[in-house]
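Enquirer: Right, I'll just put the structure down here and ask away after.
2 protein chains.
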Amino acid sequence: MPNNEHDLDNVFQALADPTRRAVLARLTEGPATVSDLAKPFEMALPSFLQHLKVLEESGLVTSKKEGRVRTCEAQMKTLTEAEEWIAHQRAVWEGRLDRLDAYLRSLQSTEKE
Amino acid sequence: MPNNEHDLDNVFQALADPTRRAVLARLTEGPATVSDLAKPFEMALPSFLQHLKVLEESGLVTSKKEGRVRTCEAQMKTLTEAEEWIAHQRAVWEGRLDRLDAYLRSLQSTEKE
DNA sequence: TTCATTGTTAGGCATATACCTAACTAATCA
DNA sequence: TGATTAGTTAGGTATATGCCTAACAATGAA
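This is the structure we're talking about:
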């Protein structure tokens with residue numbers, strides 16, 4: 016049962032890098048192997064693997080190894096946790112605007128009396 | 016006009032820390048001064064100011080100083096950029112599921128033929 | 001069984017991050 | 001004017017991050 020503060024740290028941290036966002040974007044189109052994922056990037060493979068590790072540790076990606084090939088998959092559930100944190104902030108914000116709006120409307124009604 | 020990769024780096028980076036998320040959550044309820052924002056945290060003020068700086072540089076927070084008091088405000092527009100990146104990934108993912116679903120349905124129709 | 005492919009581990013380096021204390025400026029209050 | 005409040009700047013430390021090369025499995029193909 017995730018969605019604690021520590022998880023969010025790792026999820027947002029994982030998203031804070033263009034390489035990792037690109038990998039995740041690729042994986043939302045479907046699973047892929049490590050070397051397929053690495054291909055578009057110019058960095059050395061061990062460097063790339065570190066990015067994958069960050070993604071896995073955040074829960075945004077899982078992988079399993081068959082033979083010598085590791086296949087990675089996006090975990091949308093984890094991405095959703097991040098999205099929900101943001102959505103909650105928006106809800107609070109909009110609640111505030113609603114109250115402001117209600118206040119302004121209450122002023123108008125008062126004027127009409 | 017923003018929403019380039021570099022901006023997203025900074026936004027997600029800013030969100031990847033519990034102190035900064037707490038500050039932002041506080042600010043979605045309305046503006047607050049630096050020392051009000053700092054009060055709940057045990058860290059030294061200069062440390063806290065660094066977090067504020069990260070939030071400002073990401074565009075998630077703006078501030079203005081009047082007299083000796085600096086007042087901070089959340090910028091939901093910036094938060095929305097992060098939300099939209101995630102939403103886009105979800106759309107791709109769900110598109111994939113839709114196609115899978117369509118494929119499965121096409122198989123069923125084939126079976127019926 | 002030898003070779004190529006696919007990934008992994010170890011270790012090093014430069015910069016960034018997250019914290020601190022000390023000392024400072026600028027505005028307001030008594 | 002002198003003290004207090006609000007914030008800032010400077011500079012130091014420890015750890016984390018993002019990259020690298022070199023060397024090492026382990027699997028699969030010839």
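In the order they appear, the protein sequences are chains A and B.
Each residue of the first sequence is one higher than the last, beginning at 16 in this note's numbering.
Each residue of the second sequence is one higher than the last, beginning at 16 in this note's numbering.
Just so you know, even glycine gets a beta-carbon here, dropped at the ideal spot from N, CA and C.
None of the values given here were measured: they were computed from a predicted structure.
Please list the partners that residue 65 of chain A has in chain B, where partner means a Cβ-to-Cβ separation under 7 Å.
Expert: Sequence index remark: in the first sequence, residue 65 of chain A carries index 50 (1-based). Neighbours of residue 65 of chain A on chain B: none; closest Cβ ~17 Å, over 7 Å.
Enquirer: Does the Cβ of residue 120 of chain A have 16 or more other Cβ atoms within 10 Å, making it buried, or fewer, making it exposed?
Expert: Numbered from 1 along the first sequence, position 105 holds the residue referred to as residue 120 of chain A. With fewer than 16 other Cβ atoms within 10 Å, it is exposed.
Enquirer: In the DSSP output, what is residue 80 of chain B paired with across the bridge?
Expert: The sequence position of residue 80 of chain B within the second sequence is 65, counting from 1. Residue 80 of chain B pairs with B:85.
Enquirer: Give the straight-line distance between the Cα atoms of residue 82 of chain A and residue 51 of chain A, rounded to the nearest whole angstrom.
Expert: Along the first sequence, read from residue 1 onward, the residue named residue 82 of chain A stands at position 67. Along the first sequence, read from residue 1 onward, the residue named residue 51 of chain A stands at position 36. Spanning the two alpha carbons is a distance of roughly 16 Å.
Enquirer: Quick check on DSSP: helix, strand or coil for residue 48 of chain B?
Expert: In the second sequence, counting from the first residue as 1, residue 48 of chain B sits at position 33. Of the three classes helix, strand and coil, the one that applies to residue 48 of chain B here is strand, per DSSP.
Enquirer: Using beta-carbon positions only, say whether residue 69 of chain A and residue 87 of chain A come within less than 7 Å of one another.
Expert: Sequence index remark: in the first sequence, residue 69 of chain A carries index 54 (1-based). Sequence index remark: in the first sequence, residue 87 of chain A carries index 72 (1-based). No, these two residues do not count as a Cβ contact at 7 Å.
Enquirer: From residue 114 of chain A to residue 59 of chain A, what distance separates their C-alpha atoms?
Expert: Sequence index remark: in the first sequence, residue 114 of chain A carries index 99 (1-based). Sequence index remark: in the first sequence, residue 59 of chain A carries index 44 (1-based). Those two C-alpha atoms are separated by around 53 Å.
Enquirer: So, is the C-beta of residue 27 of chain A closer than 7 Å to a C-beta in chain B?
Expert: As a position in the first sequence, residue 27 of chain A is number 12, starting the count at 1. Answer yes: the Cβ-Cβ gap between residue 27 of chain A and chain B drops below 7 Å somewhere.
Enquirer: Given the structure, does residue 26 of chain B come close to the ligand NAD, in the sense that its CB is under 6 Å from one of the ligand's heavy atoms?
Expert: Of the ligands one can find in the structure shown there are none, so the ligand NAD has no counterpart to examine.
Enquirer: Below 6 Å CB to CB, which residues in the same chain sit around residue 73 of chain B once its five sequence neighbours on both sides are set aside?
Expert: Sequence index remark: in the second sequence, residue 73 of chain B carries index 58 (1-based). Correct list, in chain order: 25, 26 and 29.
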